[in-house]
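>
Protein chains: 2
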Amino acid sequence: MAERTKYILDEADMPTRWYNVVPDLPEPPPPPLHPGTREPVGPDDLAPLFPQALIAQEVSTERYIDIPDEVLDVYRLWRPSPLFRARRLEKALGTPARIYYKYEGVSPVGSHKPNTAVPQAFYNAAEGVTRLTTETGAGQWGSALAFASATFGLECEVWQVRASYDQKPYRKLMMETFGAKVHPSPSELTESGRAILAADPDSTGSLGIAISEAVEQAAQAENTRYALGSVLNHVLLHQTIIGEEALKQFELAGDTPDVLVGCTGGGSNFGGLAFPFLREKLAGRMDPVIRAVEPAACPTLTRGKYAYDFGDTAGLTPLLKMHTLGHDFIPDPIHAGGLRYHGMSPLISHIYELGLIDAIAIGQEDCFAAGVRFARTEGIIPAPEPTHALAACIQEALRCKETGEEKVILTALCGHAHLDLPAYGAYLAGNISDHALPDEALEKSLAGLP
Amino acid sequence: MAERTKYILDEADMPTRWYNVVPDLPEPPPPPLHPGTREPVGPDDLAPLFPQALIAQEVSTERYIDIPDEVLDVYRLWRPSPLFRARRLEKALGTPARIYYKYEGVSPVGSHKPNTAVPQAFYNAAEGVTRLTTETGAGQWGSALAFASATFGLECEVWQVRASYDQKPYRKLMMETFGAKVHPSPSELTESGRAILAADPDSTGSLGIAISEAVEQAAQAENTRYALGSVLNHVLLHQTIIGEEALKQFELAGDTPDVLVGCTGGGSNFGGLAFPFLREKLAGRMDPVIRAVEPAACPTLTRGKYAYDFGDTAGLTPLLKMHTLGHDFIPDPIHAGGLRYHGMSPLISHIYELGLIDAIAIGQEDCFAAGVRFARTEGIIPAPEPTHALAACIQEALRCKETGEEKVILTALCGHAHLDLPAYGAYLAGNISDHALPDEALEKSLAGLP
Chain A
1 MAERTKYILD EADMPTRWYN VVPDLPEPPP PPLHPGTREP VGPDDLAPLF
51 PQALIAQEVS TERYIDIPDE VLDVYRLWRP SPLFRARRLE KALGTPARIY
101 YKYEGVSPVG SHKPNTAVPQ AFYNAAEGVT RLTTETGAGQ WGSALAFASA
151 TFGLECEVWQ VRASYDQKPY RKLMMETFGA KVHPSPSELT ESGRAILAAD
201 PDSTGSLGIA ISEAVEQAAQ AENTRYALGS VLNHVLLHQT IIGEEALKQF
251 ELAGDTPDVL VGCTGGGSNF GGLAFPFLRE KLAGRMDPVI RAVEPAACPT
301 LTRGKYAYDF GDTAGLTPLL KMHTLGHDFI PDPIHAGGLR YHGMSPLISH
351 IYELGLIDAI AIGQEDCFAA GVRFARTEGI IPAPEPTHAL AACIQEALRC
401 KETGEEKVIL TALCGHAHLD LPAYGAYLAG NISDHALPDE ALEKSLAGLP
Chain B
1 MAERTKYILD EADMPTRWYN VVPDLPEPPP PPLHPGTREP VGPDDLAPLF
51 PQALIAQEVS TERYIDIPDE VLDVYRLWRP SPLFRARRLE KALGTPARIY
101 YKYEGVSPVG SHKPNTAVPQ AFYNAAEGVT RLTTETGAGQ WGSALAFASA
151 TFGLECEVWQ VRASYDQKPY RKLMMETFGA KVHPSPSELT ESGRAILAAD
201 PDSTGSLGIA ISEAVEQAAQ AENTRYALGS VLNHVLLHQT IIGEEALKQF
251 ELAGDTPDVL VGCTGGGSNF GGLAFPFLRE KLAGRMDPVI RAVEPAACPT
301 LTRGKYAYDF GDTAGLTPLL KMHTLGHDFI PDPIHAGGLR YHGMSPLISH
351 IYELGLIDAI AIGQEDCFAA GVRFARTEGI IPAPEPTHAL AACIQEALRC
401 KETGEEKVIL TALCGHAHLD LPAYGAYLAG NISDHALPDE ALEKSLAGLP
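Chains A and B supply the protein sequences, listed in that same order.
The numbering of the first sequence is the UniProt record's numbering, which starts it at 1 and goes up by one.
The numbering of the second sequence is the UniProt record's numbering, which starts it at 1 and goes up by one.
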């Protein structure tokens with residue numbers, strides 16, 4: 001029998017608790033502020049948007065939170081997800097490094113997003129909510145919430161960034177097949193959308209605008225709440241099942257990571273993998289370098305400002321202390337739609353400020369080159385988002401080739417590219433450029449900070 | 001803990017042999033004939049098209065054939081595949097039936113096709129072949145062979161039915177990302193293609209025409225062989241890993257199927273699931289009804305003729321005794337591209353003639369209704385092909401609801417619909433009709449039989 005390439009947990013060994021990194025940090029993250037009073041927001045401020053259970057998780061200082069049975073029951077459709085050793089990629093690179101990837105593309109919608117969509121839909125349904133609103137860029141999050149809403153019998157209404165709505169019809173069709181309603185954003189359905197369209201009738205939208213529309217609807221309509229696919233503490237909490245599983249799988253593999261890399265947009269994929277390993281690091285049980293990888297076109301951690309900013313464009317959300325490019329920022333239309341958010345999870349921003357993780361930015365061309373290399377060796381075509389992490393993985397593995405170090409590298413392959421194949425088509429046709437964010441554009445956008 | 005919905009085998013329990021049903025049948029299937037002499041073809045006739053190892057498997061009378069380690073090693077990227085109990089669908093139907101589905105969408109390309117693409121690429125590479133040619137309709141098979149070819153370092157050249165090439169660019173992009181070359185068929189690159197284009201410059205092609213082109217290329221070019229994704233004995237042999245796994249998983253579930261349904265195009269998904277269960281049935285260890293489900297627009301088993309016919313349109317292949325609509329048949333452009341072949345696996349045709357399986361045909365509307373119902377309950381959007389089997393499953397489950405029978409139903413969910421979402425879009429928009437094959441069209445096509 002050949003050497004193992006895949007590590008699967010028994011269902012019985014699937015984690016039954018999410019991990020909250022907050023109580024293990026040397027200091028707590030700065031709280032969200034009310035934009036009027038600039039006082040910390042309380043549960044009452046958030047109640048129009050989220051159910052009580054999620055608000056409690058958002059501010060929890062408990063280290064572990066039990067996963068409800070109803071959520072575990074849905075997770076079992078695709079979890080535990082596999083951990084792979086990328087032996088074919090290692091061989092192709094000629095590296096002495098050992099590369100592992102945790103693969104979340106096995107979920108029904110092909111990404112890690114259902115890990116939080118399912119509990120969010122569950123808690124809302126349990127509190128009598130009948131309709132969820134949300135935003136989506138390329139559509140990974142929207143389709144995850146559409147799937148989760150169908151599972152718990154909720155209506156689901158999605159504002160999709162117009163650029164993606166027009167150019168990537170497959171995700172919209174997936175959401176509709178699950179029974180969701182999808183609107184291009186900016187739309188005429190909300191005040192926020194109408195204001196944007198009045199200023200620019202041809203606006204192709206942004207995540208920030210779409211969030212404004214979904215939040216506005218949730219705040220106004222009956223039995224309706226809002227669901228966010230990244231950024232917030234409770235979202236990252238739900239994603240920690242990725243890292244908890246990976247820790248158990250590393251035990252099966254008899255190995256320990258030296259370097260952990262994950263792509264960051266809002267931070268949920270990265271946090272989901274990294275936080276359980278950060279706990280181990282803080283406890284002195286292992287000492288991995290933990291590295292966030294972001295697109296050069298939207299370099300929140302590496303070039304953004306650590307400041308209080310709105311989560312959305314219209315300024316309807318609380319102020320979040322985070323690395324931000326400014327809430328007016330509209331990124332170049334790079335293909336990694338999930339990494340185009342102007343801000344970064346406040347929790348990850350705080351952890352970065354504490355010096356517990358590092359961050360790099362990579363351009364699109366290197367990312368797609370890594371994606372094609374990975375597809376032709378490992379057989380899975382990675383979504384554009386995780387190609388950023390794979391590019392960083394390959395950088396590290398090639399450094400090991402030079403130094404002879406047998407480093408153990410772990411990355412999160414948070415989704416496949418079945419619905420992003422035109423991006424690969426553009427790359428193969430030579431129509432991809434790097435789009436690093438120009439200094440002037442950054443300065444202009446940061447000037448809009450509150 | 002909730003009741004189990006997923007049955008996963010340990011990698012160590014993955015079958016290491018394929019099952020050949022031929023020696024267990026009451027009489028052997030009629031042999032392929034040379035179209036000139038009408039004598040049974042020998043290995044030498046097939047050598048320009050296939051490597052020796054596959055020719056040996058095609059005519060083997062051994063009950064079991066060992067799966068090479070190199071193939072097992074690639075299978076492990078996604079196998080063993082899960083068996084699911086469809087508890088949410090059962091509940092939505094209110095049926096006392098227990099519905100199980102074996103899910104092959106977990107493969108890198110999202111279907112069961114890599115189960116045979118991988119061994120075909122392996123055996124070719126092992127015999128020094130450097131390039132494979134093939135045809136593909138919607139592209140499931142082409143992308144599977146592109147993936148397998150990348151894995152074993154082979155060039156891969158695919159003739160894709162023009163209708164799909166034009167309308168479904170995602171599959172082409174997937175093939176290209178894996179490094180394959182894709183041509184629309186009919187093409188100017190082959191004599192067969194040029195002949196079709198001379199007669200009809202606007203031809204949108206058919207699987208039969210694309211096979212002619214790929215076969216012609218393989219027969220003429222150096223170190224080049226042809227690979228077929230269904231129909232032939234060795235292809236169905238490789239797919240039996242599906243049924244062998246499912247048998248073991250039913251042991252885990254402590255259940256036995258009463259009814260087994262699978263969709264049939266060329267027959268590889270159906271045969272792969274059904275043959276190991278047929279072995280058990282013939283040995284008297286269980287007694288499931290085994291049912292093939294085909295589209296009403298391409299009703300090979302239910303309305304075709306059991307006769308010797310060509311596998312392709314130009315008449316380059318041996319004559320195969322099979323249920324056929326005539327090799328000139330060009331089906332209506334229904335969305336289940338994988339079920340539009342004019343013929344049927346000779347082995348399945350023979351088994352049908354022996355009365356060991358039954359067959360029904362279902363129209364597109366019922367199939368998509370079943371697909372949407374399945375997506376919104378079970379969370380997986382099924383490819384258009386297996387919606388045929390799901391529609392039959394639901395029929396049976398609703399009969400059980402009337403009679404109160406607690407039947408155990410097993411179906412093969414051979415792929416997901418990520419690359420077929422426009423078909424769901426058409427259904428949701430009310431633009432799907434049933435397209436049952438008219439009698440006149442059938443008569444005209446059968447008249448062309450040799």
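C-beta atoms are modelled at their ideal positions from N, C-alpha and C, and glycine is treated no differently.
Buried or exposed for Q217 (chain A), going by 16 or more other Cβ atoms inside 10 Å?
Counting from 1 along the first sequence, the entry for residue 217 (chain A) is found at position 217. So Q217 (chain A) ends up on the buried side.
> Consider the Cβ of T387 (chain B): report whether some Cβ of chain A lies at a distance smaller than 8 Å.
Against the second sequence, residue 387 (chain B) aligns to sequence position 387. Not an interface residue.
> My output table needs one value for E90 (chain A): the three-state DSSP class, helix, strand or coil.
By one-based count along the first sequence, residue 90 (chain A) stands at place 90. Helix.
> Comparing alpha-carbon positions, which option in B:I99, B:P450, B:R225, B:F250 lies nearest C393 (chain B)?
The residue given as residue 393 (chain B) occupies position 393 in the second sequence. Of B:I99, B:P450, B:R225, B:F250, the residue nearest in Cα terms is B:I99.
> Taking the runs of the beta strand (DSSP E) that are 3 residues or longer, which of them lie wholly in the stretch 402-450 of chain A?
Entirely contained in the stretch 402-450 of chain A, the beta strand (DSSP E) runs reaching 3 residues are, in chain order, 408-413.
> I'd like to confirm the pairing. Which residues does DSSP put opposite H335 (chain A) in its beta bridges?
Locating residue 335 (chain A) in the first sequence gives position 335, where the first residue counts as 1. According to DSSP, H335 (chain A) bridges with nothing at all.
> With distances taken Cα to Cα, identify the nearest neighbour of L437 (chain B) among B:D45, B:E385, B:N20, B:T300.
The residue you call residue 437 (chain B) lines up with position 437 of the second sequence. Comparing Cα positions, the closest option is B:T300.
> Note down, in chain order, each residue of its chain lying with its Cβ closer than 6 Å to the Cβ of A53 (chain A), except the 5 sequence neighbours on either side.
Translated into positions along the first sequence, residue 53 (chain A) becomes position 53. Result list for A53 (chain A): Y123, in chain order.
> For H34 (chain A), count the other beta carbons within 10 Å of its own beta carbon; 16 or more makes it buried, fewer makes it exposed. Which is it?
In the first sequence, counting from the first residue as 1, residue 34 (chain A) sits at position 34. Exposed is the call here.
> Can you say whether Q220 (chain B) is buried or exposed, counting buried as having 16 or more other CB atoms within 10 angstroms of its CB?
Stepping through the second sequence from its first residue, residue 220 (chain B) is reached at position 220. It counts as exposed.
> With which residues is S111 (chain B) paired in a DSSP beta bridge?
Reading the second sequence from its first residue, position 111 is the one you call residue 111 (chain B). According to DSSP, which records beta bridges pairwise, S111 (chain B) is partnered with B:G415.
> Whose C-beta lies closer than 6 Å to the C-beta of residue 453 (chain A) among residues of the same chain, with five residues either side of it excluded?
Residue 453 (chain A) falls outside the range modelled here, since chain A spans only 1 to 450, and no answer is possible.
> Quick one: measure Cβ to Cβ for A148 (chain A) and P114 (chain A), integer angstroms, because I've assumed they're closer than 8 Å.
By 1-based counting over the first sequence, the position of residue 148 (chain A) is 148. By 1-based counting over the first sequence, the position of residue 114 (chain A) is 114. The pair is a contact, with the Cβ atoms about 6 Å apart (cut-off 8 Å).
> In chain order, what residues of the same chain have a beta carbon less than 7 Å from the beta carbon of H416 (chain B), not counting five sequence neighbours either side?
For the purposes of this step, residue 416 (chain B) is taken as residue 416 along the second sequence, with counting starting at 1. Contacts found: G105, G110, I380, I381, P382, A383.
> Return the CA-CA distance between F50 (chain B) and R225 (chain B), expressed in angstroms with no decimal places.
Your numbering for residue 50 (chain B) matches position 50 in the second sequence. Your numbering for residue 225 (chain B) matches position 225 in the second sequence. Using only the alpha carbons, I get a separation of about 6 Å.
> K321 (chain B) lies in the beta strand (DSSP E); which residues open and close that run?
Against the second sequence, residue 321 (chain B) aligns to sequence position 321. Residues 319-324.
> Between the alpha carbons of I351 (chain A) and A359 (chain A), how many angstroms are there, rounded?
By one-based count along the first sequence, residue 351 (chain A) stands at place 351. By one-based count along the first sequence, residue 359 (chain A) stands at place 359. Straight-line Cα distance between these residues: approximately 11 Å.
> Just list the residues that DSSP pairs L260 (chain A) with in beta bridges.
Locating residue 260 (chain A) in the first sequence gives position 260, where the first residue counts as 1. Per DSSP, A:I290, A:L410.
> Tell me where the beta strand (DSSP E) around F310 (chain A) begins and ends.
Walking along the first sequence from the start, residue 310 (chain A) turns up at place 310. It spans 305-310 - the beta strand (DSSP E) in which F310 (chain A) sits, taken as one unbroken run.
> Using a 10 Å radius around the Cβ and a threshold of 16 neighbouring Cβ atoms, would you call residue 518 (chain B) buried or exposed?
The structure shown has nothing for residue 518 (chain B), since chain B only spans 1 to 450.
> Distance cutoff 8 Å, beta carbons only. Does I242 (chain B) sit that close to anything in chain A?
Numbered from 1 along the second sequence, position 242 holds the residue referred to as residue 242 (chain B). Closer than 8 Å: no.
> My parser needs the beta strand (DSSP E) runs of 3 or more residues fully inside the stretch 120-150 of chain B; what are they?
Within the stretch 120-150 of chain B, the complete beta strand (DSSP E) runs of at least 3 residues are 131-136.
> Taking only beta-carbon positions, decide if R76 (chain A) is within less than 8 Å of chain B.
One-based indexing of the first sequence puts residue 76 (chain A) at position 76. R76 (chain A) counts as touching chain B.
> For R376 (chain B), go through chain A and note every residue whose CB falls closer than 7 Å to its CB, in chain order.
For this step, residue 376 (chain B) is matched to residue 376 along the second sequence. Ordered by position in chain A, the residues that pass the 7 Å Cβ test against R376 (chain B) are A150, F178, G179.
> Could you have a look at A227 (chain B) and say whether DSSP puts it in helix, strand or coil?
For the purposes of this step, residue 227 (chain B) is taken as the residue at position 227 of the second sequence. In the structure shown, A227 (chain B) sits in coil (DSSP, three-state: anything other than H, G, I, E or B).
> Straight-line CA distance for A447 (chain B) to D328 (chain B)?
Reading the second sequence from its first residue, position 447 is the one you call residue 447 (chain B). Reading the second sequence from its first residue, position 328 is the one you call residue 328 (chain B). Cα to Cα, A447 (chain B) sits roughly 9 Å from D328 (chain B).
> Quick check: the stretch 413-428 of chain A against the stretch 274-281 of chain A, are at least 3 beta-carbon pairs closer than 8 Å?
No, because fewer than three Cβ pairs between the stretch 274-281 of chain A and the stretch 413-428 of chain A fall closer than 8 Å, the two stretches do not touch.
> Between K6 (chain B) and chain A, is the shortest Cβ-Cβ distance under 8 Å, so that the two count as touching?
Numbered from 1 along the second sequence, position 6 holds the residue referred to as residue 6 (chain B). It does: the Cβ of K6 (chain B) has a partner Cβ on chain A nearer than 8 Å.
> Under 8 Å Cβ-Cβ, which residues of chain A neighbour E157 (chain B)?
Mapped onto the second sequence, residue 157 (chain B) falls at position 157. Within 8 Å Cβ-Cβ: nothing; E157 (chain B) doesn't reach chain A, min ~16 Å.
> Measuring alpha carbon to alpha carbon, tell me which residue in B:T313, B:R38, B:L260, B:A297 is nearest A336 (chain B).
Taking the first residue of the second sequence as position 1, residue 336 (chain B) is located at position 336. Answer by Cα proximity: B:A297.
> Taking the alpha carbon of I362 (chain A) as the point to measure from, which residue in A:E406, A:G265, A:T403, A:G205 has its own alpha carbon closest?
Locating residue 362 (chain A) in the first sequence gives position 362, where the first residue counts as 1. Comparing Cα-Cα distances from I362 (chain A) to each of A:E406, A:G265, A:T403, A:G205, the minimum goes to A:G265.
> Quick one: which chain A residues come within Cβ less than 8 Å of E11 (chain B)?
Along the second sequence, one-based indexing puts residue 11 (chain B) at 11. The contacting residues are R4, K6, I8.
> Ignore the nearest five residues each way along the sequence and tell me which others in residue 453 (chain B)'s own chain have a CB closer than 6 Å to its CB.
With chain B represented from 1 up to 450, any question about residue 453 (chain B) goes unanswered, as that position is not in the structure.
> In chain B, which residues lie less than 8 Å from G430 (chain A) when you measure between Cβ atoms?
Start at 1 with the first residue of the first sequence, and residue 430 (chain A) comes out as number 430. The contacting residues do not exist; G430 (chain A) stays about 13 Å from chain B at best.
> Between the stretch 78-95 of chain A and chain B, which residues of the former have a C-beta closer than 7 Å to a C-beta of the latter?
Within the stretch 78-95 of chain A, no residue has a Cβ that lies closer than 7 Å to any Cβ of chain B.
> Quick check: is the beta carbon of L173 (chain B) nearer than 8 Å to any beta carbon in chain A?
To locate residue 173 (chain B), count along the second sequence from 1; it is residue 173. Yes, L173 (chain B) lies at the interface with chain A (some Cβ there is under 8 Å from its Cβ).
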